[in-house]
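I have placed the structure first, in the form of structure tokens, so that the comments after it can refer back to it.
Protein chains in written order, with my numbering: chain B, 1 to 283; chain E, 1001 to 1366.
Set out below in structure tokens:
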């Protein structure tokens, strides 16, 4: 293995292909988006190249500020709930017999094959008044009459956590499968009950993994634009929904582009901050 | 006064029995080594004592109190794991103070205790060092200090020194033994290294195939092995199969032995340590060498291989198709070369009569 920094072009070769892909599929589209975001909109038509900042000024309003902060809070909440459920789940999963682990992982992977639309409609049916789970609660006598649970914030949260959960487990799984079982046993012999051992040894020793998974789930939830429309009320619409709305229904590409650029920058900044925080803690 | 009593402890995994009814009495302050080849059940037995495995049968008593069903975190035993299991997110001092933190001991007292334990394992001033920046030997000491932090009733170690290189391991064995003697704590160490067991133990428990073969002080295990497995596993030995021909006489390949303790008739299995075997040149032993097997306890053979090990010289002698190993000090080295005819002398007092193989082997010696 070459340990020194690569010098000649040939030594750089292995990274050329991924670099090229990154340029073609990320840098160029993002550059185009920035260009569009400062273009001038032609009402009723398309847009022409220009350098106006009007699109950015528009979301300095209270409305867009509110939507942005709601989007960030929702994504953060989804990430925390998904990891909060996913971490203990994955910890138990990694300790099951191998055959059972494979079954669970195949099941979780199969959830990934479901599109956001199907997940959204499935949850709205499940939480509806006519066919939803409240009918079950009525049947067992826990509820007087069936009621609709969707659209609501809870329904939106449930749907988004459901969607983020398999990713969360798949990101946590390798680290938790590698966790030395002797760590927990050691803490047991040192006087910790199983629950205490989990919180004083398993969770803290996996802090970096947990931070990485939170960021992944957060960014994933931030890009979600169908579920807020299917399971939430208009006040639960996120910035992603507004971007879609502006780009597709209002034909206001420059404004949509400006919001998208802003969202990307905010996410990058948050991810950067949490990484910085993580590194400082470690030092 | 008996500290720890194992009464028929058994562990079964499905159809496989890892430990068959282990019974043992360990008095206070003893240093015990569970010794055996890998897969003999010694680690399983230790884990049952620690409370990390639930016994399928039998009882575990400490000071006449039954703790078979007590969970690991309520046993107050300190344990050092083979992987050491130091918590990677904590510093050396925090690792040692972890059991105190679990019990809600205030921070400044924890700190004081951790410092004094680091002093005890000769790592003063290392409290703030992250575990990842400690050497193998230092980690070892931190793991030992952590296990001792609660002043446990029982100190358990699962192959604690296996990750260290040979020199450091020897030094740690001696240090561990001195530490145990100073603290007077009942200690049980699992090891597959018989030198390690001989160095440290007051009581060596030899295990094989899930059974305790012999539990005795190291020199007794060496001098008076209970069966062929123990004789062969502890150090090097010559196993001789013989046929009892008359009371106190047994014929073995290459000659006849006269000794006490033989069964009245039938087959006999003898163990002779190489350093007790005497070797003479065939011509130089007072005219006795010519007649093959003419004199009791002297066997005629051919020297097949000589190996100079520095502190000793090892001879391999072919006696009627069986190989006998003899070990002498360099200054006592007989003047023989490979290929020479030699006389192997086996003193009667050097022979240990073992139960015949496949017979009563595995049953506890009475």
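Ideal Cβ placement from N, Cα and C applies to all residues, glycine included.
How would you write the range of the beta strand (DSSP E) that residue i sits in, first residue to last?
i: residue 1251/E; result: 1249-1252
i: residue 1206/E; result: 1203-1208
i: residue 1281/E; result: 1278-1281
i: residue 25/B; result: No beta strand (DSSP E) holds residue 25/B; DSSP gives it neither H nor E.
i: residue 1016/E; result: 1016-1026
i: residue 1268/E; result: 1266-1272
i: residue 1304/E; result: 1298-1308
Please report the straight-line C-alpha distance between residue i and residue j, rounded to a whole angstrom.
i: residue 1280/E; j: residue 1230/E; result: 29 Å
i: residue 1351/E; j: residue 1313/E; result: 21 Å
i: residue 159/B; j: residue 46/B; result: 35 Å
i: residue 274/B; j: residue 80/B; result: 14 Å
i: residue 1270/E; j: residue 1034/E; result: 25 Å
i: residue 148/B; j: residue 132/B; result: 8 Å
i: residue 1186/E; j: residue 196/B; result: 28 Å
i: residue 214/B; j: residue 1167/E; result: 46 Å
i: residue 165/B; j: residue 83/B; result: 8 Å
i: residue 1286/E; j: residue 1330/E; result: Confidence at residue 1286/E is low in this model, with a pLDDT of 47, below 50, so the placement of that residue is unreliable and no value is reported for it.
i: residue 172/B; j: residue 124/B; result: 29 Å
i: residue 1048/E; j: residue 1226/E; result: 25 Å
i: residue 26/B; j: residue 20/B; result: 10 Å
i: residue 1291/E; j: residue 1340/E; result: Interpretation of residue 1291/E is limited by its pLDDT of 45, a score under 50 that renders its predicted location unreliable; no figure is taken from the coordinates.
i: residue 1091/E; j: residue 1128/E; result: 6 Å
Report the option in the options whose CA atom is closest to the CA atom of residue i.
i: residue 235/B; options: 166/B, 81/B, 151/B, 189/B; result: 151/B
i: residue 90/B; options: 48/B, 138/B, 269/B, 178/B; result: 178/B
i: residue 1321/E; options: 1154/E, 1164/E, 1301/E; result: 1301/E
i: residue 1327/E; options: 1265/E, 1337/E, 1275/E, 1052/E; result: 1275/E
i: residue 127/B; options: 111/B, 102/B, 154/B; result: 154/B
i: residue 1297/E; options: 1253/E, 1348/E, 1153/E; result: 1348/E
i: residue 1262/E; options: 1354/E, 1282/E, 1221/E; result: 1354/E
i: residue 95/B; options: 184/B, 249/B, 4/B, 66/B; result: 184/B
i: residue 211/B; options: 129/B, 56/B, 277/B; result: 277/B
i: residue 1015/E; options: 1056/E, 1047/E, 1098/E; result: 1056/E
i: residue 231/B; options: 18/B, 120/B, 252/B, 238/B; result: 120/B
i: residue 1272/E; options: 1255/E, 1228/E, 1136/E; result: 1228/E
i: residue 255/B; options: 7/B, 166/B, 105/B, 41/B; result: 41/B
i: residue 1027/E; options: 1336/E, 1203/E, 1253/E; result: 1203/E
i: residue 1220/E; options: 1142/E, 1235/E, 1316/E; result: 1235/E
i: residue 1149/E; options: 1064/E, 1096/E, 1130/E; result: 1096/E
i: residue 1208/E; options: 1306/E, 1305/E, 1036/E; result: 1036/E
i: residue 1041/E; options: 1078/E, 1121/E, 1017/E, 1335/E; result: 1017/E
i: residue 1031/E; options: 1222/E, 1308/E, 1156/E, 1080/E; result: 1156/E
i: residue 1076/E; options: 1058/E, 1059/E, 1050/E, 1054/E; result: 1050/E
i: residue 1189/E; options: 1161/E, 1213/E, 1181/E, 1295/E; result: 1161/E
Helix, strand or coil: which one does DSSP assign to residue i?
i: residue 1130/E; result: strand
i: residue 1214/E; result: strand
i: residue 1287/E; result: Legend: pLDDT at residue 1287/E = 45, less than 50; position of this residue unreliable, value from coordinates given subsequently. In this structure, residue 1287/E counts as coil in the three-state DSSP scheme.
i: residue 94/B; result: coil
i: residue 1087/E; result: coil
i: residue 31/B; result: helix
i: residue 1139/E; result: helix
i: residue 1234/E; result: coil
i: residue 1115/E; result: helix
i: residue 1332/E; result: helix
i: residue 1059/E; result: strand
i: residue 1360/E; result: With a pLDDT of 45 at residue 1360/E, under the threshold of 50, the modelled position of that residue is not reliable, and the figure given next carries that caveat. Reduced to three states, the DSSP call for residue 1360/E is coil.
i: residue 130/B; result: coil
i: residue 1110/E; result: helix
i: residue 1079/E; result: strand
i: residue 1349/E; result: helix
i: residue 1144/E; result: helix
i: residue 1220/E; result: helix
Below 9 Å on C-beta distance, what does residue i contact in chain D?
i: residue 1078/E; result: Structure shown: chain D not included; protein chains present are B and E.
Just reading off the alpha helix (DSSP H) that residue i is part of, what are its end residues?
i: residue 1313/E; result: No alpha helix (DSSP H) holds residue 1313/E; the beta strand (DSSP E) holding it covers 1313-1319.
i: residue 240/B; result: 239-244
i: residue 1199/E; result: 1194-1200
i: residue 1094/E; result: 1092-1102
i: residue 19/B; result: 9-22
i: residue 134/B; result: 133-139
i: residue 1172/E; result: 1166-1183
i: residue 1048/E; result: 1042-1050
i: residue 1156/E; result: Segment 1154-1158 is the beta strand (DSSP E) holding residue 1156/E; no alpha helix (DSSP H) there.
i: residue 230/B; result: 227-231
How about residue i: is its Cβ closer than 7 Å to a heavy atom in the ligand GDP?
i: residue 1152/E; result: No copy of the ligand GDP appears in this structure; indeed no ligand is present at all.
Taking only runs of the alpha helix (DSSP H) that begin and end inside the region 173-222 of chain B, which ones reach a length of at least 4 residues, in chain order? 181-189, 194-197, 207-222
Extract the residue ranges of the alpha helix (DSSP H) inside the region 50-92 of chain B, only unbroken runs of 4 or more that lie entirely within it. 54-58
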